[in-house]
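Asker: With my numbering as the guide, the letters of the sequence shown map in order to residues 7 to 372.
C-beta: ideal position from N, C-alpha, C; glycine also.
Pasting a structure here, questions to come.
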Amino acid sequence: MAEKGRVQRPGAYAAFIRARAVRLLRPAGVYVAVWVTIGLFAHLMGWADRGLGQTVLGLCTQLLWFLGVYLGIAGLAPLMFRLHRRIGASAVVGLVAVAVVVDVVRLTVPGLSALGVVNFAAVWLAIHQLGFCWRDGQLHRAHALWLAGLSAACLVGLVTYGPYPVSMVGMPGDSMSNMTPPSLALLSQGFMLVGLVVWLRPYGERLLARPAVWRVVMLGGRVAMTVYLWHLSALFLLISLMRWLEVELPTVGSLAWWISRPVWIVSLVVLTAGLVAVFVRFDSGVRPAPCPCARWRDAITAVSLVALVAGVFGIAVTGVDLLRNHSTPLLGLPITPVVAVGVLGVGAVGLAVAGRGHIRMNGRSH
7 MAEKGRVQRP GAYAAFIRAR AVRLLRPAGV YVAVWVTIGL FAHLMGWADR GLGQTVLGLC
67 TQLLWFLGVY LGIAGLAPLM FRLHRRIGAS AVVGLVAVAV VVDVVRLTVP GLSALGVVNF
127 AAVWLAIHQL GFCWRDGQLH RAHALWLAGL SAACLVGLVT YGPYPVSMVG MPGDSMSNMT
187 PPSLALLSQG FMLVGLVVWL RPYGERLLAR PAVWRVVMLG GRVAMTVYLW HLSALFLLIS
247 LMRWLEVELP TVGSLAWWIS RPVWIVSLVV LTAGLVAVFV RFDSGVRPAP CPCARWRDAI
307 TAVSLVALVA GVFGIAVTGV DLLRNHSTPL LGLPITPVVA VGVLGVGAVG LAVAGRGHIR
367 MNGRSH
């Protein structure tokens with residue numbers, strides 16, 4: 007509850023956002039910079055227009071979508087907290103109702119599919135809003151089990167009898183994606199997972215009370231972002247290496263495919279570990295220092311956050327081939343890799359300006 011007064015104080019919004027954004031933007035920025043460099047080199051070498059090169063340069067940034075969602079939710083969190091204090095769980099009900107209406111309209115009324123963009127806010131905010139309900143004690147453990155069960159039933163019904171595919175992340179060949187825009191199926195899965203986590207919390211607390219388990223969790227937390235960012239690069243590297251060695255991949259589901267799985271998994275773990283060892287230095291945390299009262303910091307942070315979200319989503323959908331600079335629609339507007347990287351850079355600079363002199367890193371003021 008202390009968040010309320012802290013967020014309302016001039017300058018507190020800037021501190022609130024920086025405390026959550028810088029920790030993730032630093033390793034993500036390095037990831038983007040490395041892949042932009044690879045994209046420029048691949049284009050100059052003539053690899054960017056080939057099948058594998060073009061695919062890799064387009065897919066390598068798709069995993070950044072979660073960062074755009076996280077930053078957007080974090081930016082709206084103070085407002086949504088005040089809404090929760092005013093109407094409680096009704097906010098969740100309202101957001102779910104919006105998501106239902108949006109999905110029904112966009113899937114049944116021709117020409118209104120673009121309305122699905124509303125669900126980027128409605129679906130993710132509804133899931134996030136459950137956290138406020140749990141923190142206030144409105145989402146009890148008994149309620150959580152019902153939430154998980156009913157949400158699971160809705161999910162099964164939607165993917166079995168509805169138009170929604172089984173995959174929540176979107177797969178080639180699917181008639182639509184549950185992720186872009188977020189669908190009712192994704193919302194159901196999110197509610198189910200929240201319910202399960204709340205119900206299982208006592209068991210998790212007892213497990214984490216063991217020092218050895220907690221040390222593993224802390225170690226994993228320090229490298230989690232780096233592992234997430236670079237695990238897909240390890241996959242690209244392994245596939246490229248196999249093609250260079252002219253090693254044929256076995257048919258999926260065949261006996262040879264199953265026999266090769268242990269070797270495949272170990273190879274990916276080794277490559278990912280190598281990449282993590284190189285880039286984990288950029289995944290170190292930052293400790294925000296007290297931020298003086300200044301409304302201009304809040305204003306610059308808010309504008310910068312919009313640019314960051316737009317830039318992250320832009321890079322996620324366009325890839326990093328700056329020289330090819332092809333245009334891809336984002337929320338109905340054409341965007342290119344150059345524009346996406348530029349917008350992301352503007353947002354990062356703005357965020358740095360808003361917190362200049364008020365972030366301590368490794369004991370030194372920056």
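Could you check whether the region 100-118 touches the region 33-50, counting it as contact only if at least three pairs of C-beta atoms, one from each stretch, sit closer than 8 Å?
Answerer: no
Asker: By the 10 Å Cβ neighbour count, where 16 or more other Cβ atoms means buried, how is N331 classified, buried or exposed?
Answerer: exposed
Asker: Measure the CB-CB distance between S246 and P256 and report whether it falls below 9 Å.
Answerer: no
Asker: Kindly confirm or deny that the region 152-161 and the region 210-225 touch, where touching means at least three C-beta pairs closer than 8 Å.
Answerer: no
Asker: May I ask you to check if the CB of A120 is nearer than 8 Å to at least one heavy atom of the ligand COA?
Answerer: Absent from the structure shown: the ligand COA. Ligands present: none.
Asker: Suppose contacts are defined by Cβ-Cβ distances below 9 Å. Is G353 in contact with A322 by that definition?
Answerer: Against a cut-off of 9 Å, the Cβ pair of A322 and G353 comes out as no contact.
Asker: Under the rule that 16 or more other beta-carbon atoms within 10 Å means buried, what is R370, buried or exposed?
Answerer: Any answer about R370 is weak, because its pLDDT of 41 lies below 50 and its placement is not dependable; what the coordinates show is given next. With fewer than 16 other Cβ atoms within 10 Å, it is exposed.
Asker: To which residues does DSSP link I341 through a beta bridge?
Answerer: T334
Asker: Based on Cα-Cα distance, which residue from A360, A18, G17 and Y37 lies nearest to A236?
Answerer: Correcting the residue identity first, residue 236 is Trp in this sequence and not Ala. Looking at the Cα atoms, Y37 is the closest of the given residues.
Asker: On the criterion of 16 or more Cβ atoms from any shown chain inside 10 Å, does I23 qualify as buried, or is it exposed?
Answerer: buried
Asker: Does the Cβ-Cβ distance between Q60 and G94 come in under 9 Å?
Answerer: no
Asker: Among P169, H149, A191 and R228, which has the Cα closest to the Cα of G373?
Answerer: The structure shown does not extend to residue 373, since the chain spans only 7 to 372, so no value can be given for it.
Asker: Count the other CB atoms within 10 Å of the CB of D289; is the residue buried (16 or more) or exposed (fewer)?
Answerer: Result: buried.
Asker: Considering only the alpha carbon of each residue, which of G122, A97, L113 and C160 lies closest to I133?
Answerer: Of G122, A97, L113 and C160, the residue nearest in Cα terms is A97.
Asker: Does the region 182-200 come close enough to the region 123-133 to have 3 or more Cβ pairs within less than 8 Å?
Answerer: yes
Asker: A308: which of G280, G361 and L238 sits nearest, CA to CA?
Answerer: Looking only at G280, G361 and L238, the smallest Cα-Cα distance to A308 is reached by G361.
Asker: State yes or no: is the C-beta of G81 within less than 9 Å of the C-beta of D304?
Answerer: no
Asker: From L357 to G74, what does the alpha carbon distance come to, in whole angstroms?
Answerer: 15 Å
Asker: Would you check if the distance between the CB atom of M198 and the CB atom of L161 is smaller than 9 Å?
Answerer: Annotated as proximal: M198 and L161, with beta-carbon spacing under 9 Å.
Asker: Do G325 and G163 have their C-beta atoms closer together than 9 Å?
Answerer: no
Asker: Is L281 near G320, with beta carbons less than 9 Å apart?
Answerer: In terms of Cβ geometry, L281 and G320 do not form a close pair [threshold 9 Å].
Asker: Tell me the residue span of the alpha helix (DSSP H) that contains D304.
Answerer: R301 to T324
Asker: Is the beta carbon of F138 closer than 9 Å to that of H90?
Answerer: yes
Asker: State the beta-bridge partners of P188 as determined by DSSP.
Answerer: Note: P188 sits in a beta bridge opposite M185.
Asker: What do you reckon, are the CB atoms on A27 and L328 nearer than 9 Å?
Answerer: no
Asker: For A102, collect the residues of the same chain with a Cβ closer than 6 Å to its Cβ; drop the 5 residues on either side in sequence, then sort them by chain order.
Answerer: Note that residue 102 corresponds to Val in the displayed sequence, not to Ala. A132, listed in sequence order.
Asker: Please report how far the alpha carbon of V286 lies from the alpha carbon of V222, in whole angstroms.
Answerer: 16 Å
Asker: Reducing DSSP to helix, strand and coil, say where A8 ends up.
Answerer: Its pLDDT being 42, under 50, A8 is placed unreliably in this model, and the value from its coordinates should be taken loosely. Helix, per DSSP.
Asker: Nearest-angstrom Cα distance between T342 and S260?
Answerer: 40 Å
Asker: Count the other C-beta atoms from every protein chain shown that fall within 10 angstroms of the C-beta of G78, then say buried if there are 16 or more, exposed otherwise.
Answerer: buried
Asker: Using the C-alpha atoms, what's the distance from R92 back to V275?
Answerer: 48 Å
Asker: Does A83 pass the burial test, meaning 16 or more other C-beta atoms within 10 Å, or should it be called exposed?
Answerer: Under this definition A83 is a buried residue.
Asker: Mind reading off the beta-carbon distance from V318 to L69? Whole number of angstroms is fine, and I expect it under 8 Å.
Answerer: Between L69 and V318 the Cβ distance is about 11 Å, and since that is not below 8 Å, they are no contact.
Asker: Which first and last residues belong to the alpha helix (DSSP H) in which R29 is found?
Answerer: A18 to L50
Asker: If we ignore side chains and look at the alpha-carbon of each, how far apart do L373 and V111 end up?
Answerer: The chain is shown from 7 up to 372; residue 373 falls before or after that span and cannot be answered.
Asker: With DSSP collapsed to three states, give me the class of C66.
Answerer: coil
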